[in-house]
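For reference, the structure is listed below as structure tokens.
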């Protein structure tokens, strides 16, 4: 893709994102669900609703013979204030199709109605549910985008602190790892980023963690001790404000001797994998390759 095409695509993304964004948070959530239902739902995939101790979730499953041993626990994004299993279908469907594995996604409680630690408790509930179904920790790959990437990392820190067995691996798409916004790209990439801006990130941080210590590793996992973490794969666009959140996480994991790989996609934006175009599908194939690799 040349520079001109890329600029054109970024403008389209900016427009679409502008249509979804709404100062009324309920309307914002509804328009996301409409996009998820429209762009994410496929006839070749089934979406099976489940209830886990009062929390709704869904299994995303390809309608063909497929791998039953391993399962993907998916944490959706949305700044901890929006997003849902339906909106996440733009990612969970592609993930189920590219890996032929079952994906479990869950509707955690959202801020500002339910600030920290509500979402983190719900992530633990989802993890416990998979253990209760009989999956071993090593049969699970934890994945997440944006705030869901934050949630995935924070879940692993919790499981580790509880001295429980960690999952087999982790896949993170544009993870939001640092709510203190200390990374360089928060300033250097703001003008470029078609999806995120400083005001939005501040609002999401306020909704979720008002009055909390933003350096707390359960809130900003970048500051946690990741020794002993499983193999991790990170994808991020080089035109996004959260680029440093990914590159700093990568450095941190390397220091902790974790097997980690990062792909920085040139010209791409925040969670570009949601969009229905070639690079998004190729990125999902790379996620699948990484997962197959660690499940050998």
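Residue numbers (our numbering): 776 to 1071. Where a beta carbon is used, it is the ideal one built from N, C-alpha and C, also for glycine. Predicted, not measured: the structure shown is a model, and the values here were computed from it.
{"Query": "Helix, strand or coil at residue 951 according to DSSP, with G and I counted as helix", "Result": "coil"}
{"Query": "Local Cβ density within 10 Å of residue 962, reported as buried at 16 or more and exposed below that", "Result": "exposed"}
{"Query": "Where residue 929 falls, given that 16 or more other Cβ within 10 Å makes a residue buried", "Result": "buried"}
{"Query": "Segments of 3+ residues assigned as beta strand (DSSP E) that fall wholly inside the segment 803–878", "Result": "820–827, 830–837, 842–850"}
{"Query": "Cross-strand partners of residue 1047 (DSSP beta bridge)", "Result": "Beta-bridge pairing links residue 1047 to no other residue."}
{"Query": "Three-state class that DSSP yields for residue 776 in the structure shown", "Result": "coil"}
{"Query": "Residue 886 in three-state terms, based on DSSP", "Result": "coil"}
{"Query": "CB of residue 1025 within 7 Å of CB of residue 1035, strictly", "Result": "yes"}
{"Query": "CA nearest to the CA of residue 898, picked from 991, 850, 935", "Result": "850"}
{"Query": "Nearest-angstrom Cα separation, counted from residue 889 out to residue 1055", "Result": "32 Å"}
{"Query": "Same chain only: Cβ atoms within 6 Å of residue 878, ignoring 5 sequence neighbours per side", "Result": "835, 847, 849, 867, 870, 871"}
{"Query": "Option in 983, 991, 789 with minimal Cα separation from residue 968", "Result": "789"}
{"Query": "7 Å CB neighbourhood of residue 987 in its chain, flanking five on each side removed", "Result": "891, 994"}
{"Query": "Cβ shell of residue 874 (< 6 Å), same chain only, five flanking positions each side left out", "Result": "1063, 1066"}
{"Query": "Boundaries of the alpha helix (DSSP H) in which residue 1002 is found, first to last residue", "Result": "Residue 1002 -> no alpha helix (DSSP H), and no H or E assigned at all."}
{"Query": "Backbone secondary structure at residue 912 - three-state DSSP", "Result": "helix"}
{"Query": "Distance between residue 1007 and residue 1030 (C-alpha atoms, nearest Å)", "Result": "13 Å"}
{"Query": "Residue of 822, 827, 832 minimising C-alpha distance to residue 838", "Result": "822"}
{"Query": "Among 1058, 900, 840, the one whose alpha carbon lies nearest that of residue 880", "Result": "900"}
{"Query": "Whether residue 975 touches residue 1012 by CB criterion (7 Å)", "Result": "no"}
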